[in-house]
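Q: Residue numbers (the numbering used here): -4 to 408.
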């Protein structure tokens, strides 16, 4: 009986990878990982709607742009959507694409509507049911028409968490046989090396909380700042916020309104370490900052399978997270989804907390107690640091890429 070697899995089929745009988001990270994983075995063509948000190095990935901007009004959005579908269909025909993998909802619709004879995979990165950005008439159209009816045209749908897969089946009635789960993967070796880079900062002279995210409504940084304004009345500590986004100026203003001495990388120079909150902006290598912090905090209202949370665990930092939809519960605990929490849940791999949006005084007090309990108990922090680092090994990038390659090989065989 003959066995297959690596060379047997090198094909000439052309695969198209597609995402609306590039930048620092989690879906974009996965997109770049998939280019690297598939290129040795297939002829990969990567595609974006336009270059909005892309880094300089992204232009050297061999990515093709459809050169279609985003519209501001309904009619312009509709026209640009039609144009994207038309241009992608031409691209698929020109390169005789056998399989197209799309990331994020806008790209999924364009992928499915431009389908030719090739197969399609939609890679779903977040909850649809609880995504507060899906609102109004267009949100209603997306939730109750486009998702239930258009997504079923996909050859395969990949959800990044089990909860998302369950949601797509139970809420939107998508066929179970076209759905699978492949968790996000993490290059643990690379993270281990990058976190050792020196950090020239006096921020860490006191216990430091850290979060690393896009400054957007989904991440609920206002809730974190509200908790921080209570914490500093009880104990001297610092909050480090890594990232940038559309709410940057509003959040810096709110932090100061709450009486927090706030550093802004866009306004200030680091002349002193006597700040409560540090907004340091986008950092190409956040891992040394995360690794030197006392605990990682995530206050999102909804997620998919949060990369930054797992990256903090890989850095050996204990984590505290909202029990949001979806991801954190699956990562940190063995709780089933029907078990709701009202107070801190000290899970196997991290601390799970109630949502902070519209939080009561009791919930805010619970957050403060949990954070201080973790910061002031060295044994507990060490326990969660070790448990989290062990847990994240289950999401090693090699496991993720093996699942990706297996799925692609099966669909193309």
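For glycine and all other residues, C-beta sits at the position ideal for the given N, C-alpha and C.
#1: Can you tell me which of the three DSSP states residue 9 falls into?
#2: For residue 99, which of helix, strand or coil comes out of DSSP?
#3: According to DSSP, which residues form a beta bridge with residue 340?
#4: Could you work out which residue in 143, 148 and 181 is closest to residue 164 when comparing CA atoms only?
#5: Need the endpoints of the beta strand (DSSP E) that residue 118 sits in, please.
#6: So, residue 321 versus residue 115, is the Cβ gap smaller than 9 Å?
#7: Hey, residue 235 and residue 257: beta-carbon distance below 9 Å or not?
#8: Where does residue 112 land, buried or exposed, given buried means 16+ other C-beta within 10 angstroms?
#9: Going by beta carbon distance, what residues of the same chain come within less than 7 Å of residue 240, once the five residues before and after it are set aside?
#10: Residue 140: buried (16+ other C-beta within 10 angstroms of its C-beta) or exposed?
#11: Could you pull out every residue in the same chain whose Cβ sits closer than 6 Å to the Cβ of residue 135, ignoring the five residues on either side in sequence?
#12: What's the gap between the Cα of residue 188 and the Cα of residue 168?
#13: List the DSSP bridge partners of residue 293.
#14: Which residues bound the alpha helix (DSSP H) around residue 363?
#15: Per DSSP, which residues does residue 154 bridge with? Please list them.
#16: Secondary structure at residue 227, three-state DSSP: helix, strand or coil?
#17: What's the C-alpha gap between residue 385 and residue 27?
#18: From 233, 198, 158 and 81, pick the residue whose C-alpha is nearest to that of residue 324; which is it?
#19: From residue 308 to residue 117, what distance separates their C-alpha atoms?
#20: By how many angstroms is the C-alpha of residue 110 removed from the C-alpha of residue 316?
#21: Given 8 Å as the limit, is there contact between the region 267 to 280 and the region 347 to 356, that is, 3 or more CB pairs closer than that?
#22: Going by DSSP in three states, residue -2 sits in which element: helix, strand or coil?
#23: Using only the alpha-carbon positions, how far apart do residue 403 and residue 35 sit?
#24: So, under 8 Å CB-CB, residue 40 and residue 25 are touching, yes? Tell me the CB distance rounded to an integer number of Å.
#25: If you draw a straight line from the alpha carbon of residue 399 to that of residue 156, how long is it in whole angstroms?
#26: Taking the beta strand (DSSP E) that residue 43 belongs to, which residues open and close that run?
#27: Using beta-carbon positions only, say whether residue 17 and residue 46 come within less than 9 Å of one another.
#28: Would you identify the three-state DSSP class for residue 181, choosing helix, strand or coil?
#29: For the region 206 to 250, list the beta strand (DSSP E) runs that are entirely contained and at least 3 residues long, ordered along the chain.
#30: Beta-carbon separation of residue 181 and residue 346 under 9 Å?
#31: For residue 288, which of helix, strand or coil comes out of DSSP?
#32: Tell me whether residue 4 sits in a helix, a strand or coil according to DSSP, three-state version.
#33: Assuming residue 232 and residue 370 make a contact with CB atoms under 8 Å, what is their CB distance in whole Å?
#34: Buried or exposed, going by whether 16 or more other CB atoms sit within 10 Å of the CB of residue 178?
#35: Comparing alpha-carbon positions, which option in 119, 96, 295 and 364 lies nearest residue 127?
#36: Find out if the Cβ-Cβ distance for the pair residue 76, residue 104 is shorter than 9 Å.
A: Reading from the atomic positions:
#1: Position 14 of the chain shown, counted from the first residue, corresponds to residue 9. Strand.
#2: Within the chain shown, residue 99 is the residue found at index 104, counting from 1. Coil at residue 99, not helix or strand.
#3: Residue 340 sits at position 345 when you count from the first residue of the chain shown. Partner(s): 347.
#4: By one-based count along the chain shown, residue 164 stands at place 169. Measuring from the Cα of residue 164, the nearest candidate turns out to be 143.
#5: What you label residue 118 is simply residue 123 of the chain shown in a count that begins at 1. Start and end: 114 to 119.
#6: Within the chain shown, residue 321 is the residue found at index 326, counting from 1. Within the chain shown, residue 115 is the residue found at index 120, counting from 1. No, the pair does not count as a contact, with Cβ atoms beyond the cut-off.
#7: Residue mapping note: residue 235 aligns to position 240 of the chain shown, counting from 1. Residue mapping note: residue 257 aligns to position 262 of the chain shown, counting from 1. Not closer than 9 Å, so no.
#8: Taking the first residue of the chain shown as position 1, residue 112 is located at position 117. Exposed, because fewer than 16 other Cβ atoms sit within 10 Å of the Cβ of residue 112.
#9: In the chain shown, the residue the question calls residue 240 occupies position 245. Answer for residue 240: 209, 210 and 211, listed in chain order.
#10: One-based indexing of the chain shown puts residue 140 at position 145. That one is exposed.
#11: Looking up residue 135 in the chain shown gives position 140. Correct list: empty, nothing qualifies.
#12: Within the chain shown, numbered from 1, the residue matching residue 188 stands at position 193. Within the chain shown, numbered from 1, the residue matching residue 168 stands at position 173. Going by the C-alpha atoms only, they are around 44 Å apart.
#13: Start at 1 with the first residue of the chain shown, and residue 293 comes out as number 298. Partner(s): 316.
#14: Translated into the one-based positions of the chain shown, residue 363 becomes position 368. Start and end: 356 to 370.
#15: Reading the chain shown from its first residue, position 159 is the one you call residue 154. DSSP lists 119 and 176 as partners of residue 154.
#16: Residue 227 sits at position 232 when you count from the first residue of the chain shown. Of the three classes helix, strand and coil, the one that applies to residue 227 here is coil, per DSSP.
#17: As a position in the chain shown, residue 385 is number 390, starting the count at 1. As a position in the chain shown, residue 27 is number 32, starting the count at 1. If I take the Cα positions, the gap works out to 25 Å.
#18: Looking up residue 324 in the chain shown gives position 329. When each option's Cα is compared against that of residue 324, the closest is 158.
#19: Taking the first residue of the chain shown as position 1, residue 308 is located at position 313. Taking the first residue of the chain shown as position 1, residue 117 is located at position 122. Taking the straight line joining both Cα atoms gives about 28 Å.
#20: Numbered from 1 along the chain shown, position 321 holds the residue referred to as residue 316. Numbered from 1 along the chain shown, position 115 holds the residue referred to as residue 110. Cα-Cα distance, rounded: 39 Å.
#21: no
#22: The residue labelled residue -2 in the question sits at position 3 within the chain shown. Summary for residue -2: the model assigns pLDDT 37, below 50, so the residue's position carries little reliability; its value from the coordinates is reported in the next sentence. Three-state DSSP puts residue -2 in coil, outside helix and strand.
#23: Taking the first residue of the chain shown as 1, we reach residue 403 at position 408. Taking the first residue of the chain shown as 1, we reach residue 35 at position 40. Rounded to whole angstroms, residue 403 to residue 35 spans 13 Å at the Cα level.
#24: Along the chain shown, one-based indexing puts residue 40 at 45. Along the chain shown, one-based indexing puts residue 25 at 30. With a Cβ gap of about 17 Å, residue 40 and residue 25 do not count as contacting.
#25: Here residue 399 refers to the residue found at position 404 when the chain shown is read from its first residue. Here residue 156 refers to the residue found at position 161 when the chain shown is read from its first residue. Between residue 399 and residue 156, the C-alpha separation is close to 14 Å.
#26: As a working mapping, residue 43 is identified with position 48 in the chain shown. Note, residue 43: beta strand (DSSP E), 38 to 43.
#27: Position 22 of the chain shown, counting from 1, holds the residue named residue 17. Position 51 of the chain shown, counting from 1, holds the residue named residue 46. Contact: yes.
#28: Within the chain shown, the letter at position 186 stands for residue 181. Residue 181: strand per DSSP, three-state reduction.
#29: 233 to 237
#30: Translated into the one-based positions of the chain shown, residue 181 becomes position 186. Translated into the one-based positions of the chain shown, residue 346 becomes position 351. No. Outside cutoff.
#31: Indexing the chain shown from 1 puts residue 288 at position 293. Coil at residue 288, not helix or strand.
#32: For the purposes of this step, residue 4 is identified with residue 9 of the chain shown, where counting begins at 1. Low local confidence applies: a pLDDT of 45 at residue 4 is under 50, so the model's placement there is unreliable, with the coordinate-based value given in what follows. It is helical.
#33: If you number the chain shown from 1, residue 232 lands on position 237. If you number the chain shown from 1, residue 370 lands on position 375. With 8 Å as the limit, residue 232 and residue 370 qualify as a contact, their Cβ atoms being about 7 Å apart.
#34: Along the chain shown, read from residue 1 onward, the residue named residue 178 stands at position 183. Buried, by the Cβ-count rule.
#35: The residue you call residue 127 lines up with position 132 of the chain shown. Among 119, 96, 295 and 364, the Cα nearest to that of residue 127 belongs to 295.
#36: Stepping through the chain shown from its first residue, residue 76 is reached at position 81. Stepping through the chain shown from its first residue, residue 104 is reached at position 109. Going by C-beta atoms, residue 76 is nearer than 9 Å to residue 104.
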